[in-house]
Each structure stands twice: as structure tokens, then as C-alpha cells.
DNA sequence: CCAAGTCGGTGCGCTGGCGTACACACCCGG
DNA sequence: CCGGGTGTGTACGCCAGCGCACCGACTTGG
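Residue numbers (my numbering), protein chains in the order written: chain A, 21 to 317; chain B, 21 to 317.
Set out below in C-alpha cells:
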């Protein structure tokens, strides 16, 4: 069960631009007061990070041994734009939103990092400053590595660098995709896409997300989300109640979503998919109907 | 004088999605018929590529000696999404648009590559497939390198890799920026930004761009561009006549543009600007007060 | 010089999302 | 059990940009 949902994190006091629309509201503020980072004895599903799993045994075990297992809490801001990157995170069952800074306007999610990725990739590029806000979107555990250790491992372990480079490529695609998606696709479709992406990374059919939070992610009004979500619910694709959204009909949701979702997945699978990097010319086309999440369906 | 403007490149035959809006129209099709790549004796301004200029003398000269100087022609498509990257380009006075593929919808520019950058960065990440369309937007010269040679140089010359990594970081930012910009800013502001970015890369106050072409870049209707451009013209910031746009009042244009322009530039300068990479530990921490970040608040 | 093509300007009705405001349902703590 | 906070539903006027259509000015080629 989700014992983690923060009781009531303190309100954000960034009144940077008062004319701004849709500043992140109450609940989704700074780090939660009490349980910021806890080493949990993970008694749940054995979810692993796909980037790390792909490493050769020796490397993987060494890297894992240097990681700290921490709990990330919904609403926590791991990085603000411009912060120095002091740690990187490999989500397990947690996941993290990448948001463009609300410079004079609302924020907007441009990427989502789950157990298929890592937060802090700029270090791989030799830059120690973050360019986006990293907001914990799904409570759960992650593996954390200090920047310096991470860089040691980057030098030491070519496979790690190889995978991360490809991951960066995937991220860039996700960004570009987001641009077009945000521009051209109607809200319902974008919402459906978002729910699917979250569904994949939450490793559960239900997760906690309010309309208000969604409006912040999608860069629209809360009311807009309510309308769009209402449509999806009336179609029987999802159901929700006071912030708890349940995915009822995943194939239906995929039909309702814009093509961007599939394209994201396709690129990821092609770059970092199941078949290990031995054969570089893999080109997977996922036979299983749609599952992309769990290690096994 | 611009002797380069293609007489009448053949029409695009990619009717991939017929329902699509704003497919690239007539003039801006595939490669121009006749003068695709010509080694020009560059008798004009001595413009250099900033990425290459930043290399140590020996490396720079070696790399330059392995480059071919080619002329890129307005409308030429260097890469289509999914193409294998067989060459990379370092623009000199030419410049290249990065477009998201119009999958069921119109295309949209997400990045612009001039003499400050390179086309084909995915190779740096170890991926030999392009993810976006690369369309020559400004006729001019560029330095071209075969993919294999480029990769040799990458291995050989750490400085090259260093700079390109940082350039990738800049590009990622440009993408993310574009997402927010496209979502939140009104067309006039976006147009002004676009003109400024182009102005920078064209190294001239006048360049050839029709409203129709702009509509393709900005992902809007041609009529929308006409309106927006009309406003800028009425304000005396630009003037245009049958595709030839002249920047009259650059400061005014900067005022009319959204903040995204400045932010793009700021990041570039910070990452690859004049101050050479000697001091890696710059760690700008901008004394902004409202930063809510950090492990402690 | 004319014909055809290109480029830009204008109008009209439409719609998706905006800003605002209010109302109700649920939850939790006192 | 009550009151306040939170999450959701609904309504109304508004506007930027859309799709479409048409026209005139300019350019180029025969």
C-alpha cells in the first residue's frame, strides 16, 4: 500500500511571477517535511532499474553496492533549474517528472523518468548543472549515487556510458516529441498519453494524481483537465476519485492517446530495449500486445 | 548577393499523411536539383564554426583538413527522420532547421543549427540514426565530415567530444524551451524569437523566408504568420517583400520576442561561450533569492 | 506583352482552451 | 458532529488561432 503520500507538504512560496498561470499549487511543493529519504527494506516487488540491469554482472554489482536506496516522496523537488547536480537517481518504482521552468508562464512536463531511466543525465555530458526541475511524481524507491562516484563509474565502465548516451538520445526524442504533441494534439489525447506513460512507470493500475496536478503537468487549466478526464471516465477507460486514478481499460486508453506515446516507446525499445547491447542492430518491434512495463506481463 | 536561392526545387512527394495540415509546400522540397554540394572558394566573410574554432590548434587543423567544404541550398533536406547518419555538418554561414516529423500533423521546428553548432550530434551519443528532419534553412557553406572520420576524431580528440557533449546539452535545452514556448507564447512573440535566432545565424540583416515557410516552422497557418508579421512590420521592426525579410530594429525585435530567445543564448554562452573551457568548475549558482531547492530550505 | 505562378492581405464562421467564479462532495481533525 | 480544507463539476464570456476562400500585387518565362 502507498503509505507514503505526504500528509501535507508545505506550500510553495515561489511567487516569482505573480502574473503567471498555474503555478504549482499547495500540495506539490517542496520536499515533504518528514520522510524525505529513507532507506527502505523494500519488501515489495523486485523492480529493478533497466539501465543498471543492462550492465555486465560485475559492473552492475559494483555500481549497486555504491548506491544508496532512498525513498522519494510525491511532491519532492529533487532539482530546481540551475541547481548543481550533486546526486543522480535511478528510479525503481518511483518516477520523476522533468518540468520546464515556469519563466513568466506556467510549467510544463517535457519528460518522465521511471525505472527505465535516470535523473541527472547532464553529468554524462560533462555539465553539472540541471536545466529542468525534477519533481517526484510517483512515490517509491530509487537508487541514489553521488555525483563524484557516478563520474568515477562513468570513466570506469564503458557499458554504463554507452547505455546512458543512448538514454540521452531517447530523452532528446521525448523532448522533441513533447513539443509537437503539446502544439498539435488536443487535451484528451495528451491526457491519455500522460496516463499511459505514468501507468508504465507506476507499475500499478492505480496512482495518486489530482486534476490540479495534471493541469500543472500538461500546462492547462485545472478545469480543462476535469473536462478531459471526464470524457475518459465516461468512456470507461479510467476512473478516479479524489486524486486516485485507476486505469480500467488500457487498450482503450491507448486508442484515445495520440501517437506520441507509441513513438516514445518505439524509440526507447529500439535504443535500449530488452535484447542486450550485444547485437547492436536489434530493431525490436515488441510482439506482446502492449505491455512495456513490468519485467513480465 | 544571394545567388543561391534555388530556382525551383521539385515538389515534395512525401504525402505520408494526406490529412496532415501544413505539409511543406512547393518551394521547400527535397534537395535542389542542380547545385547540391559545391566546393565554393568562399570569397566572403571569414565565418568559422564555433565548435571547431574552440579546438586546440593542432586538432582543429587536422579536423579541418579532413572536412569538405560544401554549399547547402535553401530547401535541401539533409536528413529525414530515421535516416542513417553518414555525414555530419558544421555550418559556416549556412544554417539548418531541426524539425519534428509531421506524424499525422504538421511539422514544427524544435531547433536551429548555425555556425555555433553541428548537425548529426546523435553520432556523439553512439546512435547512427537521425531522429529529426534536417532542413537547410539558410543557403551557405558548411563543413562536412564523413561519419566514420568524425567518429575517429571523436575518439582521438577529447576536446572535440567535450565541446560536442556540451553542445548536446544546449540542444536539449533548446528542445525543452521550444516545448514551453510553443505552448505558452503568442505567435507574434514566437515569430520575433524565430527571426532573431535566424538573424544570428544568417550573419546578415536580410534573409529569404516566405510566410508560408514560416508557418511550417512555427506550426501555424500561413495566414497567422501574415498577421503576426504584419504587426512587426507596422511597428517598424522588420520589413519584407516577397520572401525577403529585413531586420530593421533588432532591439525592438528583442523586446517583442518572448524570453526564450535570451534564455537560449544565455545557456549557450554559459556552456560554450567565449570563456574557454579551462575552468571546469565554474558552478554558477546565481544568487537568486527565491530558490526553493537544495537539500535544506 | 501576356499567362501562369508565387506571395501576401483580408474576411468569416468555428472551436479549443482560457479566466473566473461558484457550488457541492468528501475527508479529517477538533 | 461540525467546520474547514481539498478535490471535482459546471457555467459563461472571451480570444487566439483554425480552415477556408478569394483577391490583388508582383515575378518570371515564353
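Heads up, the beta-carbon is just placed ideally off N, CA and C, and yes, glycines get one too.
Here the structure is a predicted model, which means the values were calculated and not measured.
Determine the closest residue to residue i out of the options, with distance taken between C-alpha atoms.
{"i": "residue 132 of chain A", "options": "A:191, A:74, A:82 and A:106", "result": "A:191"}
{"i": "residue 269 of chain A", "options": "A:278, A:259 and A:263", "result": "A:259"}
{"i": "residue 98 of chain B", "options": "B:86, B:111 and B:87", "result": "B:111"}
{"i": "residue 86 of chain B", "options": "B:126, B:160 and B:169", "result": "B:169"}
{"i": "residue 77 of chain B", "options": "B:238, B:284 and B:179", "result": "B:179"}
{"i": "residue 271 of chain B", "options": "B:219, B:75 and B:185", "result": "B:219"}
{"i": "residue 81 of chain A", "options": "A:116, A:163, A:145 and A:282", "result": "A:163"}
{"i": "residue 226 of chain B", "options": "B:279, B:266, B:152 and B:283", "result": "B:266"}
{"i": "residue 246 of chain A", "options": "A:171, A:223 and A:230", "result": "A:230"}
{"i": "residue 159 of chain A", "options": "A:143, A:228, A:93 and A:83", "result": "A:93"}
{"i": "residue 175 of chain A", "options": "A:140, A:187, A:255 and A:79", "result": "A:79"}
{"i": "residue 234 of chain B", "options": "B:224, B:253, B:263 and B:255", "result": "B:263"}
{"i": "residue 282 of chain B", "options": "B:224, B:239, B:194 and B:243", "result": "B:194"}
{"i": "residue 151 of chain A", "options": "A:103, A:276 and A:242", "result": "A:103"}
{"i": "residue 138 of chain A", "options": "A:154, A:146, A:129 and A:126", "result": "A:154"}
{"i": "residue 278 of chain B", "options": "B:202, B:237, B:249 and B:291", "result": "B:202"}
{"i": "residue 274 of chain B", "options": "B:287, B:253, B:209 and B:88", "result": "B:209"}
{"i": "residue 318 of chain A", "options": "A:177, A:224, A:95 and A:108", "result": "Nothing about residue 318 of chain A can be reported from this structure: the residues present for chain A run from 21 to 317 only."}
{"i": "residue 241 of chain B", "options": "B:207, B:214 and B:84", "result": "B:207"}
Taking DSSP as the reference, what is the three-state secondary structure of residue i?
{"i": "residue 271 of chain A", "result": "helix"}
{"i": "residue 56 of chain A", "result": "Its pLDDT being 28, under 50, residue 56 of chain A is placed unreliably by the model, and the measurement read from it follows with that caveat. Residue 56 of chain A: coil per DSSP, three-state reduction."}
{"i": "residue 232 of chain B", "result": "helix"}
{"i": "residue 90 of chain B", "result": "strand"}
{"i": "residue 301 of chain A", "result": "Confidence at residue 301 of chain A is low in this model, with a pLDDT of 35, below 50, so the placement of that residue is unreliable and no value is reported for it."}
{"i": "residue 194 of chain A", "result": "helix"}
{"i": "residue 225 of chain A", "result": "coil"}
{"i": "residue 67 of chain A", "result": "coil"}
{"i": "residue 112 of chain B", "result": "coil"}
{"i": "residue 137 of chain B", "result": "coil"}
{"i": "residue 179 of chain B", "result": "helix"}
{"i": "residue 107 of chain A", "result": "strand"}
{"i": "residue 144 of chain B", "result": "helix"}
{"i": "residue 316 of chain A", "result": "Its pLDDT being 29, under 50, residue 316 of chain A is placed unreliably in this model, and the coordinates cannot settle the point."}
{"i": "residue 151 of chain A", "result": "coil"}
{"i": "residue 62 of chain A", "result": "With a pLDDT of 40 at residue 62 of chain A, under the threshold of 50, the modelled position of that residue is not reliable, and no figure is offered here."}
{"i": "residue 206 of chain A", "result": "coil"}
{"i": "residue 255 of chain B", "result": "coil"}
Considering residue i, what are the terminal residues of the beta strand (DSSP E) in which it resides?
{"i": "residue 129 of chain B", "result": "128-133"}
{"i": "residue 241 of chain B", "result": "Unbroken run through residue 241 of chain B: none, as it is neither H nor E."}
{"i": "residue 120 of chain A", "result": "115-120"}
{"i": "residue 162 of chain B", "result": "160-166"}
{"i": "residue 97 of chain A", "result": "97-99"}
Given that residue i touches chain B, what residues does it touch there, using C-beta distances under 8 Å?
{"i": "residue 291 of chain A", "result": "147"}
Under 7 Å Cβ-Cβ, which residues of chain A neighbour residue i?
{"i": "residue 182 of chain B", "result": "146"}
{"i": "residue 275 of chain B", "result": "Within chain A, no residue comes near residue 275 of chain B; the closest Cβ sits about 14 Å away, beyond 7 Å."}
Can you tell me where the alpha helix (DSSP H) holding residue i begins and where it ends?
{"i": "residue 73 of chain A", "result": "70-73"}
{"i": "residue 262 of chain A", "result": "Here residue 262 of chain A belongs to no alpha helix (DSSP H), and DSSP marks it neither H nor E."}
{"i": "residue 292 of chain A", "result": "280-292"}
Taking residue i as the query, report the chain A residues whose CB atoms sit under 8 Å from its CB, ordered along the chain.
{"i": "residue 152 of chain B", "result": "196"}
Which residues in chain B have a C-beta closer than 7 Å to the C-beta of residue i? List them in chain order.
{"i": "residue 185 of chain A", "result": "145 and 146"}
{"i": "residue 130 of chain A", "result": "196 and 199"}
Taking C-beta pairs closer than 9 Å, name the residues in chain A that residue i reaches, listed in chain order.
{"i": "residue 142 of chain B", "result": "189 and 192"}
{"i": "residue 126 of chain B", "result": "200, 203 and 204"}
**Request:** Scan the region 187-203 of chain B for residues whose Cβ lies nearer than 8 Å to a Cβ of chain A and list them as they occur along the chain.
**Result:** Against chain A - using a Cβ distance shorter than 8 Å - the residues of the region 187-203 of chain B are 188, 189, 191, 192, 193, 195, 196, 197, 198, 199, 200, 202 and 203.
**Message:** Can you pull out the residues from the region 103-119 of chain B whose beta carbon lies closer than 7 Å to at least one beta carbon of chain A?
**Reply:** Correct list: empty, as no residue qualifies.
**Residues of the region 215-243 of chain B whose Cβ lies closer than 8 Å to any Cβ of chain A, in chain order** = Answer in chain order: 239.
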